[in-house]
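Residue numbers (mature numbering (1 follows the signal peptide of the UniProt record, and there is no 0)): -25 to -1, 1 to 291.
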């Protein structure tokens, strides 16, 4: 099964894993379709540090910050949150935290604090040593060869992100390296890398068979559940023109997590659950009536935004 995690998965593969992680979280949240209320609390509070911080907030302060967030989501200031406004806010939240994480990583990787992350520093941070594989010599050990291929792909992405051809990546380039889905000049590279990995016959497309990888159907048995799920994703989520193959743009929607789709789903879920008068939008009163639900959703990043002035501060 190719779609499972591989040892030492790097960079872009982490993006692919994000979509799978979302599925895992959904299973934990709704095991066998039953809602786990304690999962909401875990998602909201996180580790002990977050628990301590949350406890420090009085109900009045929680209320105040939440009302400020609601006001910011309401782009047209009409007093209601629509599906579009909620979706846009959630997508902005995704991007904000991705950028914050990349900025934090940049400081950790930049060992000599010169404002640039070199390939040497990247290797030291990732592996505690500099790794240098021969690009043209395959290794006999299958696991080591797999790692060599992943490492070389990572190096190619590092070089592509380095726009100024300097000795390392500045912050903007490092963000492009860590989150190529957020940077336009990396799009073609992401597509080409995916084609190199999956387009086995070199026709510029990815067929269903190539999408499923090394799976070989046993005609005497039914397909396993994961194959049925992957086939459904291929046919209904990615192959938009229904021609039985993924073109480069369709391929991009597979290899890069679709935050827009996730955000829209969550926006619809919130409206379905919290819209008390069935007008398909949320008033401040409806949200405050269901405050716990709103604080255990992606609209507030499971309550995280109540501790981040970027989201609740009136002047921002």
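By construction, the Cβ of each residue, glycine as well, lies at the ideal position given by its N, Cα and C atoms.
Values in this document were obtained by computation on a predicted structure and should not be read as measured data.
{"Check": "Residue closest to residue 107, alpha-carbon to alpha-carbon, out of 115, 117, 100 and 94", "Outcome": "94"}
{"Check": "Residue 165 beta carbon less than 8 Å from that of residue 173", "Outcome": "no"}
{"Check": "Backbone CA spacing between residue 170 and residue 87 [nearest angstrom]", "Outcome": "37 Å"}
{"Check": "Sequence ranges, alpha helix (DSSP H) only - wholly within the region 148 to 208, length at least 4", "Outcome": "162 to 173, 183 to 187 and 200 to 207"}
{"Check": "Touch test, the region 38 to 52 against the region 103 to 121, Cβ-Cβ under 8 Å, three pairs minimum", "Outcome": "no"}
{"Check": "Inter-stretch contact at 8 Å, needing at least 3 Cβ pairs: the region 251 to 259 / the region 221 to 240", "Outcome": "no"}
{"Check": "Contact set for residue 69: own chain, Cβ-Cβ below 6 Å, skip 5 residues either direction", "Outcome": "234"}
{"Check": "Per-residue DSSP class, three states only, for residue 89", "Outcome": "coil"}
{"Check": "Close-in-space but distant-in-sequence residues of the same chain around residue 292 (CB under 7 Å, 5 per side omitted)", "Outcome": "Outside the displayed range of the chain (-25 to 291) lies residue 292, so it cannot be described from this structure."}
{"Check": "Own chain residues within Cβ distance below 7 Å of residue 80, not counting five before or after", "Outcome": "153"}
{"Check": "Separation of residue 98 from residue 104, as counted between CA atoms", "Outcome": "6 Å"}
{"Check": "Beta-carbon proximity of residue 143 to residue 92, cut-off 8 Å", "Outcome": "yes"}
{"Check": "Reduced DSSP secondary structure (H/G/I, E/B, other) of residue 55", "Outcome": "strand"}
{"Check": "Contacts around residue 60, its chain only, beta-carbon distance under 7 Å, and the 5 residues preceding and following it disregarded", "Outcome": "48, 49 and 50"}
{"Check": "Where residue 144 sits in the DSSP three-state scheme", "Outcome": "strand"}
{"Check": "7 Å Cβ shell around residue 228 - same chain, five flanking residues per side excluded", "Outcome": "213"}
{"Check": "C-beta contact flag for residue 161 and residue 136 at 8 Å", "Outcome": "yes"}
{"Check": "Distance CB(residue 243)-CB(residue 58) smaller than 8 Å", "Outcome": "yes"}
{"Check": "Rounded Cβ spacing between residue 251 and residue 241 (contact assumed at less than 8 Å)", "Outcome": "Their Cβ separation, rounded to whole angstroms, is 19 Å, which puts residue 251 and residue 241 out of contact at 8 Å."}
{"Check": "Sequence-distant residues of the same chain with beta carbon closer than 6 Å to residue -15, five excluded per side", "Outcome": "In this prediction, residue -15 has a pLDDT of 33, which is less than 50 and means its spatial position is unreliable; what the coordinates show is noted afterwards. Excluding residues within five positions, the ones whose Cβ falls inside 6 Å are 129 and 132."}
{"Check": "Alpha carbon of residue 200 to alpha carbon of residue 207, nearest angstrom", "Outcome": "11 Å"}
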